[in-house]
Amino acid sequence: MTASLLPQRRTRVLTKRPSGREGFKINWWLTALMLVASLTVLLPLYFTVAMALKSPDQIGTGTGLAWPNPMNWENFAAAYVATNFPRAFMSTAFVTVFSVLGSLACSSLVAYAIARNWNHRFFRGSFVYLLSAMFIPFPVIILPLIKQTALLGLDNPAGVVFLHVLGGISFNALLYIAFVRSIPAELEESARMDGATTWQVFRKVIFPLLAPMNATVGIFAFLGSWNDFLLPQMMIADPALQTLPVVQMLFQGEFNTNYSLAFASYLMAMAPTLVVYILAQRWVLSGVMRGAVK
Amino acid sequence: MLPSRRSLFRVAGLAGVAALIPLSGCAGNAGQQNGVTTLRFMQNKPEVVNYFDQVIKDFEALNPDIRVIQDFNEGNFVPGLVRNDPPDVVTRGFAKATADFVKKGIFADLSDLPAASTIDPEMQELISSWGQYNGNEVSALPFSLAAAGVIYNRDIFDANGVAVPTTWDEFVAACETFKTAGITPIYGTFKDSWTLAQGMFDYVSGGSLDSAEFFTRINAKGADISAEAAESFTTNFGPALPQMLQLVSYSQNGASSKNYADGNAAFAKGQAAMYLQGPWALSQLVSANKDIRVGTFPLPVTNNPEETKARVNVDMALSITRNTPNMAAARRFVGYLLEPSVVNTYNEKNAAFSPLKDAPPVTNPQISGLDESVRKARYYQGAGTYFPPSVPLHNYIQSFVYSKNGDQFLAALDDEWRRVAERTAV
Chain A
1 MTASLLPQRR TRVLTKRPSG REGFKINWWL TALMLVASLT VLLPLYFTVA MALKSPDQIG
61 TGTGLAWPNP MNWENFAAAY VATNFPRAFM STAFVTVFSV LGSLACSSLV AYAIARNWNH
121 RFFRGSFVYL LSAMFIPFPV IILPLIKQTA LLGLDNPAGV VFLHVLGGIS FNALLYIAFV
181 RSIPAELEES ARMDGATTWQ VFRKVIFPLL APMNATVGIF AFLGSWNDFL LPQMMIADPA
241 LQTLPVVQML FQGEFNTNYS LAFASYLMAM APTLVVYILA QRWVLSGVMR GAVK
Chain B
295 MLPSRRSLFR VAGLAGVAAL IPLSGCAGNA GQQNGVTTLR FMQNKPEVVN YFDQVIKDFE
355 ALNPDIRVIQ DFNEGNFVPG LVRNDPPDVV TRGFAKATAD FVKKGIFADL SDLPAASTID
415 PEMQELISSW GQYNGNEVSA LPFSLAAAGV IYNRDIFDAN GVAVPTTWDE FVAACETFKT
475 AGITPIYGTF KDSWTLAQGM FDYVSGGSLD SAEFFTRINA KGADISAEAA ESFTTNFGPA
535 LPQMLQLVSY SQNGASSKNY ADGNAAFAKG QAAMYLQGPW ALSQLVSANK DIRVGTFPLP
595 VTNNPEETKA RVNVDMALSI TRNTPNMAAA RRFVGYLLEP SVVNTYNEKN AAFSPLKDAP
655 PVTNPQISGL DESVRKARYY QGAGTYFPPS VPLHNYIQSF VYSKNGDQFL AALDDEWRRV
715 AERTAV
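Heads up: the protein sequence lines correspond to chains A and B, in order. Counting from 1, position 249 in the first sequence corresponds to residue 249 in my numbering; the numbering is continuous, with no gaps. One rule links them: number in my numbering = place in the second sequence (from 1) + 294.
Written out as structure tokens, the structure is:
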């Protein structure tokens, strides 16, 4: 019905590539492809869940695809106790929450300052300077960083937050700067006409318009921080403050791995990531149009 | 431009200071508080955390003025040194990497510790042979010795009427018996190249050659080696290679696509009679099949049973870091760990050998077959452990096992060794 109302040119394109909207036809080839592609996520997830529920003697038998019977729910309890899960979880959550908030705040401020002062040489130079940080492989500088943070009393989760925020600035600012540029300067000028200060312009006009990019940066910062292993492993001096990915090493000896406990623990550590990813992903999709100018 | 830049710096400076003030409060290590000394104990085996938790609890009950924090995150050891705040007491597997720390004087001298005199001098020699700081210091005391040989399935041996071989000929005859009976003699896991290095390479070379003496000679020779030299791999390891290839021929078909975890699962299910692995595999075998009856014997590579030796490594060695502010407490803790009730119990529970002179004989049937070799000090540290990490030995062994080209293998080792020696020559 609606198809007949469409301009001629559009219909021709649509007849070539039938879409759901035109004739309620499903592209089976593409759907099949997507289904296969989704296996790359679902299959490992299935293995993780199945492995977490196996007893040690069920692990070695069969192809590994079989669902364990009976299921060993006590793996979760054992992993929970062995890793001191609540403590490690709180430590990881502390690092992650503050890394995400810090990344959003710092990177957007940096990006706003650079994007709106592009005609100043200093700001153009600082953009290049920040970008150049992306070319330095992290493991190269980790030992000097450890020395430095120890001198500053930052050999703890707070130091990890600090470095996560700092390390993320170059990539996040790159994302933000491109986005800030797409926000028309007229919006800002109108706010200034109403007497807004630079801070108010940023806080009331620019930052809300950055929402889709905030979601993107937030997801990157969350995943990077939640899953980070190397930095907490080497930087946090007090084992009581260690984060989940490091504590989970407990299940991996040099020659023996306790697979079922390890996977139960991974699953528990993964749950918040999954939840946040699903929620935030929706938000990105809905927020794509939010920056549009009327 | 200038004022804006200055204000920018001011803001940055203020933000930096503001960020640091609250954080410095929670830093600073409480070494001593209310007369209680806090020790940090870094141990290298995550799988025995629970055992040490109990040991620490007992120790703290006897020593109320000391509190011990256990840390199994060994990756934090070097960062600890970098921030000049290493753990007070450390256990490490003792081989080349730890020996490098010893040579730099990271660890304190423990020779005057009363417990040091209770250690079997032969086992102490396994550590000091890597080099001593100042020529005479004892930087590490052995805590646990892992002895490796051939793990065998007792049920399969009994069912085929095969006795534990004590000579190479008996070993070959046993393999032939299993082969005829349709049983895989040796389970190979060639995909994990380290299993080839610690297995057939170390066993055959260690049994036929004095590896410690060989590596002392080749290290002394430096970059000056050629294939024809008396110190070369070509000259010394050549005779061992045919025996390695014979071991390969007794492995199952498709061994090249099996890794260590596959091997444990398959051997636990009785798919082969023998398995060239160390005691670390035992717990994996039992967890996969709790009814399995296994034993271990040292691989005989000559026809003189007196010459048969076991491969050992110091799985855990105790050290105290030199600059610890809590030296007295650390020494008390190390002394406690080396009390027979602690160290013997640990080794008994973990299929390892106690380093004490008067340790009771091992009764664990899984490793009792190695007891005689260990007690008579008929053992060696694997040749593979002497290689610097910059020589990809494991890969060379793997490609030798696949290509069976021994000359090429040994020539490559000679070249690699020379290359590294040239580069690191002082």
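Idealized CB from N, CA, C, for every residue including glycine.
Spatial neighbours of residue i in its chain, beta-carbon cut-off 7 Å, leaving aside the 5 residues before and after
i: Ala-653 of chain B; result: Asn-638
i: Glu-416 of chain B; result: Ala-671
i: Ala-704 of chain B; result: The residue asked about is misnamed: residue 704 of chain B is Leu in this sequence, not Ala. So the list reads Phe-527, Thr-528, Phe-531 and Gly-532, once near-sequence residues are dropped.
i: Thr-96 of chain A; result: Phe-222, Ser-225 and Trp-226
i: Leu-250 of chain A; result: Ala-82 and Thr-83
i: Thr-471 of chain B; result: Asn-454 and Val-456
i: Pro-659 of chain B; result: Gly-589
i: Gly-678 of chain B; result: Ala-491, Gln-492, Phe-495, Asp-496 and Leu-687
i: Arg-448 of chain B; result: Arg-587, Val-588 and Gly-589
i: Thr-48 of chain A; result: Phe-263, Tyr-266 and Leu-267
i: Ala-582 of chain B; result: Asn-558, Ala-559 and Ala-562
i: Glu-354 of chain B; result: Ile-360, Arg-361 and Val-362
i: Thr-63 of chain A; result: none
Residue burial classification, residue i (beta-carbon count within 10 angstroms, cutoff 16)
i: Thr-31 of chain A; result: exposed
i: Ile-278 of chain A; result: exposed
i: Ser-132 of chain A; result: exposed
i: Arg-625 of chain B; result: buried
i: Gln-281 of chain A; result: exposed
i: Glu-507 of chain B; result: exposed
i: Arg-377 of chain B; result: buried
i: Asn-156 of chain A; result: buried
i: Glu-341 of chain B; result: buried
i: Ala-221 of chain A; result: buried
i: Asn-597 of chain B; result: exposed
i: Glu-525 of chain B; result: buried
i: Ile-421 of chain B; result: buried
i: Asn-644 of chain B; result: buried
i: Arg-124 of chain A; result: exposed
i: Leu-707 of chain B; result: buried
i: Phe-465 of chain B; result: buried
Segment limits, alpha helix (DSSP H) that includes residue i
i: Gly-501 of chain B; result: 496 to 502
i: Gly-374 of chain B; result: 371 to 376
i: Gly-700 of chain B; result: 700 to 718
i: Asp-347 of chain B; result: 343 to 356
i: Phe-162 of chain A; result: 157 to 182
i: Ser-613 of chain B; result: Looking at the DSSP string, Ser-613 of chain B is not in any alpha helix (DSSP H); the run it does join, the beta strand (DSSP E), is 604 to 614.
i: Gln-537 of chain B; result: 535 to 543
i: Arg-87 of chain A; result: 85 to 116
Beta carbon of residue i nearer than 8 Å to that of residue j
i: Asn-428 of chain B; j: Gln-242 of chain A; result: no
i: Ile-59 of chain A; j: Ala-111 of chain A; result: no
i: Ile-450 of chain B; j: Tyr-569 of chain B; result: no
i: Asn-256 of chain A; j: Gln-578 of chain B; result: yes
i: Asn-338 of chain B; j: Gly-387 of chain B; result: yes
i: Phe-484 of chain B; j: Val-330 of chain B; result: no
i: Arg-712 of chain B; j: Ile-519 of chain B; result: yes
i: Ala-162 of chain A; j: Leu-151 of chain A; result: According to the sequence as given, residue 162 of chain A is Phe; it is not Ala. Not closer than 8 Å, so no.
i: Ser-438 of chain B; j: Phe-401 of chain B; result: no
i: Leu-593 of chain B; j: Val-444 of chain B; result: yes
i: Glu-186 of chain A; j: Val-201 of chain A; result: no
Continuous beta strand (DSSP E) stretch holding residue i: start and end
i: Tyr-446 of chain B; result: 444 to 447
i: Val-362 of chain B; result: 360 to 365
i: Phe-591 of chain B; result: 588 to 591
i: Ile-480 of chain B; result: 478 to 481
i: Leu-333 of chain B; result: 330 to 336
i: Val-384 of chain B; result: 383 to 388
i: Gln-492 of chain B; result: Taken as a continuous stretch (DSSP letters only), Gln-492 of chain B belongs to no beta strand (DSSP E), as it is neither H nor E.
i: Tyr-674 of chain B; result: 673 to 675
i: Met-568 of chain B; result: 566 to 569
Nonlocal neighbours in the same chain, by C-beta distance under 8 Å from residue i, ignoring five residues either side
i: Pro-68 of chain A; result: Ala-50, Leu-53, Lys-54, Ser-55 and Gln-58
i: Val-628 of chain B; result: Val-383, Leu-404, Leu-407, Ala-409, Leu-435, Leu-612 and Ile-614
i: Ile-413 of chain B; result: Leu-435, Pro-436, Leu-632, Pro-649, Leu-650 and Lys-651
Contacts that residue i makes with chain E (C-beta to C-beta distance below 8 Å)
i: Glu-341 of chain B; result: No chain E is present in this structure, whose protein chains are A and B.
Contacts around residue i, its chain only, beta-carbon distance under 6 Å, and the 5 residues preceding and following it disregarded
i: Glu-710 of chain B; result: Val-685
i: Arg-304 of chain B; result: Because Arg-304 of chain B carries a pLDDT of 48, less than 50, the predicted location of this residue cannot be relied on, and the following value inherits that uncertainty. If we look at Arg-304 of chain B and ignore the five residues flanking it on each side, it has no Cβ neighbours.
Worksheet item: Is it a yes or a no for the region 700 to 717 of chain B touching the region 525 to 538 of chain B, going by three-plus beta-carbon pairs under 8 Å?
Response: Contact holds: three or more Cβ-Cβ distances are below 8 Å.
Discussion item. For the pair the region 662 to 669 of chain B and the region 598 to 611 of chain B, tell me if three or more CB-CB distances fall below 8 Å.
Written reply: Counting C-beta pairs with one atom in each stretch, the region 662 to 669 of chain B and the region 598 to 611 of chain B have three or more that are closer than 8 Å, which means they touch.
Worksheet entry | the region 89 to 106 of chain A in contact with the region 161 to 174 of chain A per 3-pair CB rule at 8 Å | Taking one beta carbon from each stretch, the region 89 to 106 of chain A and the region 161 to 174 of chain A have 3 or more pairs nearer than 8 Å; the two touch.
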